[in-house]
Amino acid sequence: GQQVMQIPQYQHVQEGEDFTTYCNSSTTLSNIQWYKQRPGGHPVFLIQLVKSGEVKKQKRLTFQFGEAKKNSSLHITATQTTDVGTYFCAGWGLPGGSYIPTFGRGTSLIVHP
Amino acid sequence: KAGVTQTPRYLIKTRGQQVTLSCSPISGHRSVSWYQQTPGQGLQFLFEYFSETQRNKGNFPGRFSGRQFSNSRSEMNVSTLELGDSALYLCASSLGTSGTDTQYFGPGTRLTVL
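These protein sequence lines are chains A and B, in that order. Everything in the first sequence is counted per the numbering used here, starting at 2 for the first residue and increasing by one. Everything in the second sequence is counted per the numbering used here, starting at 78 for the first residue and increasing by one.
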């Protein structure tokens with residue numbers, strides 16, 4: 002079945018440093034969504050990527066979808082303590098296959114002031 | 078606009094019992110998806126309902142079932158509870174289907190099976 006690997010599992014950074022998390026799918030994806038979950042909270046939708054090679058920016062966050070639609074990344078520039086949380090990707094399979102979301106295990110970001 | 082609500086927030090059951098969880102989506106949203114979150118397996122998709130019809134189902138045993146009512150509220154049922162069913166159960170609603178529209182998650186129901 003479809004698998005989505007996400008690395009790293011944890012990332013400690015000093016406030017002001019950059020952060021990147023990567024997702025790799027075993028199969029070609031139809032689309033991918035990114036979520037953030039604060040400790041004790043629930044996932045909050047960040048963005049959806051659909052097109053091959055797509056790049057989207059939200060202030061200090063940059064999201065990329067690979068050309069083959071099998072990998073994606075989230076990059077945060079100049080981290081702040083408010084960025085603390087776990088970032089998940091969720092990949093949707095191609096129509097005709099198993100069109101259900103498969104989540105990465107998440108990357109927990111710890112920002113040290 | 079009120080967010081997604083889930084009841085109850087916490088639940089303790091014993092093995093063999095059954096449980097029903099409830100989810101009220103954001104007004105106007107027609108899709109409700111259910112997820113299980115555990116430290117061991119992470120977030121896993123259970124099923125999605127759209128306009129009272131189950132659209133997709135994840136890889137869970139038949140003990141896990143759900144339904145959606147005409148007002149889009151949804152319930153999830155787990156029968157013959159096992160220790161491994163202890164988890165945070167999250168529901169999410171979206172205007173259209175979950176794979177195309179923004180999903181809004183509820184706070185979750187924390188289920189503990191003893």
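Idealized CB from N, CA, C, for every residue including glycine.
Interface flag, residue i vs chain A, CB-CB below 8 Å
i	result
Leu191(B)	no
Ser99(B)	no
Phe245(B)	Absent from the model: residue 245(B). The displayed extent of chain B is 78 to 191, so no value can be given.
Asn148(B)	no
Tyr166(B)	no
Gly161(B)	no
Phe137(B)	no
Phe122(B)	yes
Where residue i meets chain B, residues with beta-carbon distance less than 7 Å
i	result
Tyr23(A)	By Cβ distance, chain B contributes nothing, its closest Cβ being about 16 Å from Tyr23(A), past 7 Å.
Within-8 Å CB hit, residue i to chain B
i	result
Gly86(A)	no
Trp93(A)	yes
Ser109(A)	no
Asn72(A)	no
Phe66(A)	no
Host beta strand (DSSP E) of residue i (start-end)
i	result
Lys52(A)	Note, Lys52(A): premise wrong, no beta strand (DSSP E); not H, not E.
Ser171(B)	Ala164 to Ser171
Leu188(B)	Thr186 to Val190
Thr63(A)	Leu62 to Phe66
Chain-ordered neighbours of residue i on chain A, where CB pairs are closer than 8 Å
i	result
Ser175(B)	Pro102
Within chain A, partners of residue i - CB distance below 7 Å
i	result
Gln180(B)	Phe46
Asn133(B)	Tyr100 and Ile101
Gly119(B)	Phe104, Arg106 and Gly107
Chain A contact residues for residue i, given Cβ-Cβ distances below 9 Å
i	result
Pro184(B)	Gly42 and His43
Where residue i meets chain B, residues with beta-carbon distance less than 8 Å
i	result
Ser31(A)	Gly176
**Q.** Validate contact between the segment 96-106 of chain B and the segment 115-135 of chain B using beta carbons, cut 8 Å, 3 pairs
**A.** no
Q: Only counting runs of 4 or more residues, tell me where the alpha helix (DSSP H) segments fall wholly within the segment 93-158 of chain B, in order along the chain.
A: none
Q: Could you say if the segment 141-149 of chain B and the segment 83-91 of chain B meet the contact criterion of at least three C-beta pairs nearer than 8 Å?
A: no
**Q.** Segment contact, 8 Å Cβ cut-off, at least three pairs: the segment 94-101 of chain B with the segment 128-138 of chain B
**A.** Too few Cβ pairs lie closer than 8 Å, so no.
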